[in-house]
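*Asks:* Sharing a structure, written as structure tokens. Questions coming.
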Amino acid sequence: MNKYLIAENLKTKRTMLRKILIFMPILCTILSFTFDFLGFGYFTADSVFTSINHWSLLWMPALIALTTSMFHKLEENSTGYKTIFSFPIDLKKSWISKITILSSFTLISSIFLCVILTILNMTFTRTQLNGAPFYYCLIAAIIDWLTSLWQIPLCLWLSKKINFFVLLLGTCAANMELGAAYAPSSLWWLSPWTFPLRLQCPILHHHPNGLPLEPESSLLNPSVIPVGILIGIFLFLILITFTTYSFKKSEVH
Numbered sequence: 050m051n052k053y054l055i056a057e058n059l060k061t062k063r064t065m066l067r068k069i070l071i072f073m074p075i076l077c078t079i080l081s082f083t084f085d086f087l088g089f090g091y092f093t094a095d096s097v098f099t100s101i102n103h104w105s106l107l108w109m110p111a112l113i114a115l116t117t118s119m120f121h122k123l124e125e126n127s128t129g130y131k132t133i134f135s136f137p138i139d140l141k142k143s144w145i146s147k148i149t150i151l152s153s154f155t156l157i158s159s160i161f162l163c164v165i166l167t168i169l170n171m172t173f174t175r176t177q178l179n180g181a182p183f184y185y186c187l188i189a190a191i192i193d194w195l196t197s198l199w200q201i202p203l204c205l206w207l208s209k210k211i212n213f214f215v216l217l218l219g220t221c222a223a224n225m226e227l228g229a230a231y232a233p234s235s236l237w238w239l240s241p242w243t244f245p246l247r248l249q250c251p252i253l254h255h256h257p258n259g260l261p262l263e264p265e266s267s268l269l270n271p272s273v274i275p276v277g278i279l280i281g282i283f284l285f286l287i288l289i290t291f292t293t294y295s296f297k298k299s300e301v302h
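Each position in the sequence shown, counted from 1, maps to that position plus 49 in this note's numbering.
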């Protein structure tokens, strides 16, 4: 399996895909802090929470759509998948390696976001963090990553089927319409797009719309965290199984 991981990782060297991993967290942070500065005249502790909220709502889904599409294009522009299908390569290991590499890339990007927020928080914010300790932002980012993993095999599979812009717009629209709209609902668990936003509520003490929660809010119940993580990982494994089977079947085309 290691040789497959090494091979897939080498394909991304000196490509725009790796630069996106750094660019997206920086852009997310700049926009979030800018909105806070325009509203308050200075940076506040809420700027940190706003960045995490925006990351879960828009930037992580966009990052997944971008990286999966770019990964597909790298393969398509190189050999058009002919190398994979023409040589005695284990297609299951090849596909799972792609998903593993992309998963690690999104984790790196999430951690980089937390590093940026830590530095900016210590440097610029005037107020002390309220409601949740700052290190909870790291936990929120990791949970966001865990509950977004299922989108990677789905988007990687869809990138072979549909146009890049359709995938990007569709992914972002689904996260905003099926995520933000239903995250506060008691039926949030029916829509996997709600998981990142819903699970961060008891951690950051902020509503999915970015506003601070009242102390008695039902959204602060931490019991949703293990439920969301388990469902998200289960869905991730199901989609890996389905997309791997589909990729292996494409060998005949």
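Quick reminder that beta carbons are idealized off the backbone N, C-alpha and C, glycines included.
So W206 is in the alpha helix (DSSP H); what residue range does that whole segment cover?
*Replies:* It spans 200-207 - the alpha helix (DSSP H) in which W206 sits, taken as one unbroken run.
*Asks:* Tell me which residues share the same chain as S118 and place their Cβ nearer than 8 Å to its Cβ, disregarding the 5 neighbours each side in the sequence.
*Replies:* Counting only Cβ-Cβ distances below 8 Å, and skipping sequence neighbours, we find C204, S208, F213, L216, L217.
*Asks:* Of all the options S234, L87, E57, which has the alpha carbon lying nearest to the alpha carbon of S152?
*Replies:* Closest option to S152, Cα to Cα, is E57.
*Asks:* Assign H103 to one of three DSSP states: helix, strand, or coil.
*Replies:* Residue state, collapsed to three classes: helix.
*Asks:* Measure the C-alpha to C-alpha separation of G281 and S295 and round it to an integer number of angstroms.
*Replies:* Computed Cα separation, rounded: 21 Å.
*Asks:* Measuring straight from C-alpha to C-alpha, what distance separates N224 and L169?
*Replies:* Answer to the nearest angstrom: the Cα atoms are 27 Å apart.
*Asks:* Counting beta carbon pairs with one atom in the region 220-236 and one in the region 69-83, are three or more of them shorter than 8 Å?
*Replies:* Taking 8 Å as the limit for Cβ pairs, the verdict is that the region 220-236 does not touch the region 69-83.
*Asks:* Which whole-angstrom value is the C-beta distance of F285 and L198, which I expect to be below 8 Å?
*Replies:* About 5 Å separates the two Cβ atoms, so the contact holds.
*Asks:* Taking the alpha-carbon positions, what's the S272 to I278 distance?
*Replies:* S272 and I278: Cα-Cα distance of roughly 11 Å.
*Asks:* Quick one: Cα of D95 to Cα of L262, how far?
*Replies:* Going from the Cα of D95 to the Cα of L262 covers about 12 Å.
*Asks:* Between the Cα of D85 and those of P264, N126, H103, spot the shortest distance and give me the residue it belongs to.
*Replies:* Nearest C-alpha to D85: H103.
*Asks:* Which residues in the same chain as P275 place their Cβ atom closer than 8 Å to its Cβ, once the five residues preceding and following it in sequence are excluded?
*Replies:* Answer for P275: no residue qualifies.
*Asks:* To the nearest angstrom, report how far apart T293 and I148 are at their CA atoms.
*Replies:* Approximately 10 Å between the Cα atoms of the pair.
*Asks:* Assuming S246 and S105 make a contact with CB atoms under 8 Å, what is their CB distance in whole Å?
*Replies:* The sequence given here has Leu at residue 246, not Ser. About 5 Å; that satisfies the 8 Å criterion.
*Asks:* Could you give the residue range of the alpha helix (DSSP H) that holds Y53?
*Replies:* Its alpha helix (DSSP H) spans residues 51-59.
*Asks:* What is the DSSP secondary structure of I69, counted as helix, strand or coil?
*Replies:* Note: I69 maps to helix in three-state DSSP.
*Asks:* Could you name the residues that DSSP lists as bridge partners for H256?
*Replies:* Per DSSP, none; premise fails for H256.
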